[in-house]
Every structure is written in C-alpha cells, then in structure tokens.
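Structure, as structure tokens:
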C-alpha cells in the first residue's frame, strides 16, 4: 500500500463554476479532465468485499463467499457468491477466477469464463470433479477442475419448484439449493443436496435423476422417516460414510439421517429448535444460532455456527457433545489466532481437506475471506482482506470509517459523511481524523460546503441538515422529526424521502431526493423548497412528465444541473426550465460499461456521485468501480480504475484501482472520493 503522505493540502473547491463558452458551443473537446497522475489514500484502512485475483501479496478480494471445496490436487475452490464466480486458490495461495465472469449472473454452460452462475452457495469436490449448488439458478452444476468445463446436472435454470424424476434429469426442480455433499448410499454414489427453499434433503444421482430423501417440503421440526420428517431451511449437509448430517439452519439444530432403504430416517443430534449459545453439553441442551454448514472428520462434525460467529465441534458418538474450538461466541471480528482469540464474522461454508492431519477451510462470509482452521483451533487467513470498518479517530491509515459516503472541502480540511457511524468526520491537512459532529444523523450521505457551513443529506432522517463551523447541527429543510414525504414548502414544512445528493451554486441548494425520484431546490436565504424535476414516481426522462429512478448525485455546471440517475444507469441534464434529457449513458436504463464514446452510446453501472470541476463532469461510476469523466462534447472516458477489478490499490493512473466509489468532489488538479467498500477516503491528482 502506498504510504500516507505526511502533509496533505486540500485545494479550495470552486463553488460557482463559470463556463466561458455558452452552451459549450465552439469550445472543441479539449477539456476532458486532464490525465490522472496518481491515486492515494487519505484516511482509513483497506479491506472489504470486492473482486481481485492475485498472489497473497496482492489486494485479493471476494464478495460474500459461501462455500469451499478441496480437490485431490490440493486446490481450494470457492463459491464466490455475490461475484457469481468460482475462484481457485492454489497451494501457494494464488487466487484466480476459474469459472464465470465477475459480477455477471447467468446460467450458461461452457468452459471457464464462458460459463455463468447466479449466486452459487454450495460446492463439493469428488476427486477432481466439483459439484455446485447454483442457488440463484435453482440448479446443480458439474465442473471438471482439469478443464473448467461447466454443465448443468439437474434443475431448470431460472425456474424454481419442487419436482423429482427418479429416471433422469428432465423436469427436476429445486428451490434455492444450498449445501451439497457426495457419498455412496447403498451401492450408488450420489449427491446429497440441502434444498433450502423446499425444506428438504434431496438425493441426486450422477446422471441427474432425483428423489426426495427426507423432508415434507414444508417447514417444521419433526423426526420421522422420509417425507414424514421436516426441516426448516436446511443449508448444510455432510456424509461420514454411514449417516448424513444436516445443518438445519432455521431450527438451529444438527440433524442426523440414517439410510432406511430408498429414504432416510431423521433424528436430532444436537439443539432443540431454540436459538442461542450453550456449549460443553449434549443433545437437546446445546444451542446454536443459524448453523449453515458442517464437515465430517472422523467421529466429529465441525459446524459453522453462523449467528454465533464461531466454529463448533459436535461428537457424533457421544450424544452430540458440543464444544467451540475456534472463535469467540457472539463476537464478530476478523483476528487470526488460536481458540477463543480468533474471530469470525458470519462464517458459512466449511470443509475438510481430507488429509490425515486434517485442516478445515472456512468461507468467512461476513469478512469476505477464506480462513484455515486446524483441528487444534489455530486460525489463519488464506485469502481476502476483511473490512476495516469502525469509528476510530487517528491519523491516516490508523483511522477507521464505516461506509463513508460523501466528501466536501472547506479551506485545508476535508469533511466526510460517515454513513455507517451516523456522523460527520473531519480530515485535516496533516491527515488527522476527528469526529466533527456527534451521532445526530441517520445514514448521512451527500455533503456540500457553502462558505464555512456544511449542508448534509441526512438520508434516513429525510432532511437536509446544516452544520456550522463550530459543529452545531440544525435542520435546514425537511422534517425535524424524521417524517418522510413529498411536499414543497419552507424549511421544516417541506418533506423529502431518503435524500442522498446535494450541490450548490451559491444561491440555491440542489437535492437528489432519491426516494421521491426527483430533484429539489432550496433557496439558501429563505429555506423555500421547490421541485425542479420529477413527480415522485420512478421512470425515464423520456416519460411524460420526465422522471428519474432513484437519483443519488447532483452537480451544477453553468446554469444547468447534471444528475447521477442511479437506477437508470445514466447522467441526466436538467435545464433551468426543468427540461430533462439523457446527457450520457443509456436512454433506456441499460447498465454496462462502454468507454471512449459519446452521449447515449456510453454505458454506466449504478453511478452514485457526480461533481463538476472546471467544465468537466466527474462521475463515481459505482458499479463499474471507476471514476469517469464527461467532456464538454459529452465524451465519456475512464479517468481512474478498472471495471474488471473491485479492490483498493494506490499508484499511478495505470495501477490505481477502487472499490465502489460513491462520494466525489474536487478542485482543479485534485479529485477527492470515498471508496465505500474499502471504508477509505482517497484522492486523485491530475
């Protein structure tokens, strides 16, 4: 990571930007924002969900990984759920994307990057063959680790239901299948699938033929045989060679299924349906909290007790006697260590490497990381970087934020709306971070400076708040009691609904009133609120009247407004008369990434922030993990970042990467932005 500079000087932001060429006519297209020189961090420490392949020294990222499998070659394969891909971690710790495409959901069979998944959550290895619960597609997939070939074994992509076919894969339906195991039951090798949405355990032959092994299809907690038994959203299964064990998530229990002919006989090994944490006891006295996955090692089961943030051990030969070898109960964290010194955050998938000196691999979902746990309880992080969120006032990298969402500059100081901490933070020119206000906001987002005052979109209080130079907070417009609505008026008589963006031209505040799908205007001298464009309904600018879809950002350039129309994946232009047109991006609400092109031929993905510097618009293209520029002739280019990577890396313009930029402001030569997934405030020099 690039070291924090000892001294950071913030240039003054120009509040009113003068455009020399009327309506951009005759200016040419020379003003395209210059060339980015470098990206650096100002405050906060990197870590969080994202996407990046690389070696252990690289800023590798996952997004909510749910399961891990280990092949006989020693490779670990990860169901990287929210990235819709399968990742591989080799013996040296190098991470690569093995199948699927980052951030692109789908159901296509194919090889490697040509295949598509939709939120895969379960994965198991049978030698060098992998089987995957493709949860969002309601299917079971098969993948050959030697070639990366992916095929659909059972289920109909995109169609949920509850239908068996003992003769073959045709007309088989699942509903959000979760955990998956493999084993020989009777004389046939089969897959055992926790069909979570159907509250059942299904048995799938390697040809795709399917039967319901246990569970009625309705939620319940009944011990019985076959479909007379019931489960409640079971998510994990494992097989020890003689019995199937189930993490019965909704019942907060571990269930056992003993083969009984073509079906299974269900009993409860540990837990009684009551959530909680009770350890060092047996059977019904044990308490779990939403256990999600389990792995069999000898006569023990290792359970990811997700709601308790720990790994439990359940002995199958001693009435389900349960202990906690790793983690601290009900305390989330990310620390490596042994036993109770280690920390997890909502761990889900767990598997054994199958070696004589077995190790466990855990998909530590809330930490967006893969962890290794020895049977002695020693925990280390294999890949990924857990979020470094918090509320810590310190200098540079030692400071902590929680989902910082907006930035504004006054003099040599930078002010940050620290959304997750419900407060406004201040960063001095020396990188010292302090809390400028107390926790009197509720998820503050957009922030703008006017003179020595700040105006903040206090999103969940449905108001615009004013903060003086002394840190005194008052309600400038909107309800002072957190009441949402859509009404013009003066001061606290007006109503907003989840406002997220603010900008000013020195005389008026302009508000992206996100929940009302509208742009509002507040006269600074009087507090009078009027509606510039939008009528409270979600829609397109081509509608009559013109509409927006959850706009989150607004900027002033000359006499016009420019809106980050987040849900429509576009930048809209609003004239003083209230006429709305698509300035850049799809005019049909289509997300994507198309660069070095003009106007409606360009594509954005969930743009959330926008700022005007000189006559250039800078866009925080959140879903594409880049900062874009829009020139005077509507030409769109990538200023910094890479749409194929979501992580934080400082460096020059070719090396710099970001992870969901949101808030953005700037002045000639410097852009400041919040990297919300990394909980870091950063700057770009150009």
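Numbering (the working numbering), first residue to last: 637 to 1322. From the three backbone atoms N, C-alpha and C, an ideal C-beta is built for every residue, glycine too.
Just checking: is the beta-carbon of residue i within a distance shorter than 9 Å of some beta-carbon in chain D?
| i | result |
| --- | --- |
| residue 1282 | Structure shown: chain D not included; a single protein chain is present. |
Roughly how many whole angstroms lie between the Cα atoms of residue i and residue j?
| i | j | result |
| --- | --- | --- |
| residue 810 | residue 899 | 18 Å |
| residue 924 | residue 1118 | 37 Å |
| residue 1130 | residue 1165 | 6 Å |
| residue 939 | residue 951 | 11 Å |
| residue 1002 | residue 770 | 20 Å |
| residue 1312 | residue 841 | 45 Å |
| residue 756 | residue 920 | 32 Å |
| residue 831 | residue 917 | 29 Å |
| residue 1281 | residue 737 | 11 Å |
| residue 684 | residue 801 | 42 Å |
| residue 722 | residue 1020 | 14 Å |
| residue 1038 | residue 849 | 45 Å |
| residue 962 | residue 927 | 15 Å |
| residue 793 | residue 745 | 11 Å |
| residue 1173 | residue 946 | 45 Å |
| residue 1181 | residue 1154 | 12 Å |
| residue 896 | residue 861 | 8 Å |
| residue 1253 | residue 724 | 39 Å |
| residue 833 | residue 903 | 20 Å |
| residue 889 | residue 784 | 36 Å |
| residue 675 | residue 779 | 39 Å |
| residue 912 | residue 922 | 9 Å |
| residue 733 | residue 697 | 11 Å |
| residue 789 | residue 758 | 14 Å |
| residue 1101 | residue 941 | 42 Å |
| residue 867 | residue 822 | 23 Å |
| residue 1090 | residue 762 | 59 Å |
| residue 705 | residue 864 | 32 Å |
| residue 1225 | residue 1249 | 26 Å |
Please say whether residue j and residue i have beta carbons closer to each other than 9 Å?
| i | j | result |
| --- | --- | --- |
| residue 1168 | residue 1157 | yes |
| residue 816 | residue 880 | no |
| residue 1111 | residue 1123 | no |
| residue 1272 | residue 1232 | yes |
| residue 766 | residue 713 | yes |
| residue 1058 | residue 1076 | yes |
| residue 1205 | residue 1228 | yes |
| residue 870 | residue 814 | yes |
| residue 1303 | residue 673 | no |
| residue 617 | residue 711 | Any question about residue 617 goes unanswered here, given that the chain covers just 637 to 1322. |
| residue 752 | residue 720 | yes |
| residue 824 | residue 812 | no |
| residue 1235 | residue 1220 | yes |
| residue 702 | residue 999 | yes |
| residue 1094 | residue 1114 | yes |
| residue 882 | residue 894 | no |
| residue 1277 | residue 1260 | yes |
I'd like the list of long-range same chain contacts for residue i, defined as Cβ closer than 7 Å, with 5 residues on each side in sequence excluded.
| i | result |
| --- | --- |
| residue 1211 | 1196 |
| residue 1139 | 1084, 1146, 1190, 1191 and 1192 |
| residue 972 | 978, 1015, 1016 and 1017 |
| residue 853 | 798, 834, 835 and 836 |
Since residue i and residue j are thought to touch, with beta carbons under 8 Å apart, how far apart are those beta carbons, to the nearest angstrom?
| i | j | result |
| --- | --- | --- |
| residue 1146 | residue 1103 | In fact, because the Cβ distance is near 18 Å, the residues do not count as touching under 8 Å. |
| residue 873 | residue 820 | Contact doesn't hold; Cβ gap of about 15 Å is too wide. |
| residue 716 | residue 699 | 6 Å |
| residue 1116 | residue 1126 | At roughly 13 Å, the Cβ-Cβ gap does not stay under 8 Å, so residue 1116 and residue 1126 are not in contact. |
| residue 985 | residue 929 | 5 Å |
| residue 777 | residue 787 | 7 Å |
| residue 1069 | residue 682 | Their Cβ separation, rounded to whole angstroms, is 15 Å, which puts residue 1069 and residue 682 out of contact at 8 Å. |
| residue 1050 | residue 1060 | Contact flag wrong, Cβ pair sits at about 11 Å. |
| residue 1088 | residue 1105 | 4 Å |
| residue 754 | residue 743 | 6 Å |
| residue 1307 | residue 1255 | Residue 1307 to residue 1255, Cβ: 11 Å. No contact. |
Take residue i and list the residues in its own chain whose beta-carbon comes closer than 6 Å to its own, dropping the five residues that flank it on each side.
| i | result |
| --- | --- |
| residue 1042 | 1053, 1081, 1082, 1083 and 1299 |
| residue 1188 | 1136, 1137, 1148, 1150, 1200, 1202 and 1244 |
| residue 933 | 988 and 994 |
| residue 857 | 887 and 909 |
| residue 1257 | 1240, 1243 and 1264 |
Using a Cβ-Cβ cutoff of less than 8 Å, which residues in the same chain neighbour residue i once the five nearest sequence positions on both sides are dropped?
| i | result |
| --- | --- |
| residue 803 | 845 |
- Query: Between the stretch 988-1007 and the stretch 1286-1304, are three or more C-beta pairs nearer than 8 Å?
  - Reply: no
- Message: Would the stretch 1027-1035 count as touching the stretch 975-989 if we require 3 or more Cβ pairs under 8 Å?
- Response: no
- Between the stretch 985-997 and the stretch 1009-1029, are three or more C-beta pairs nearer than 8 Å? yes
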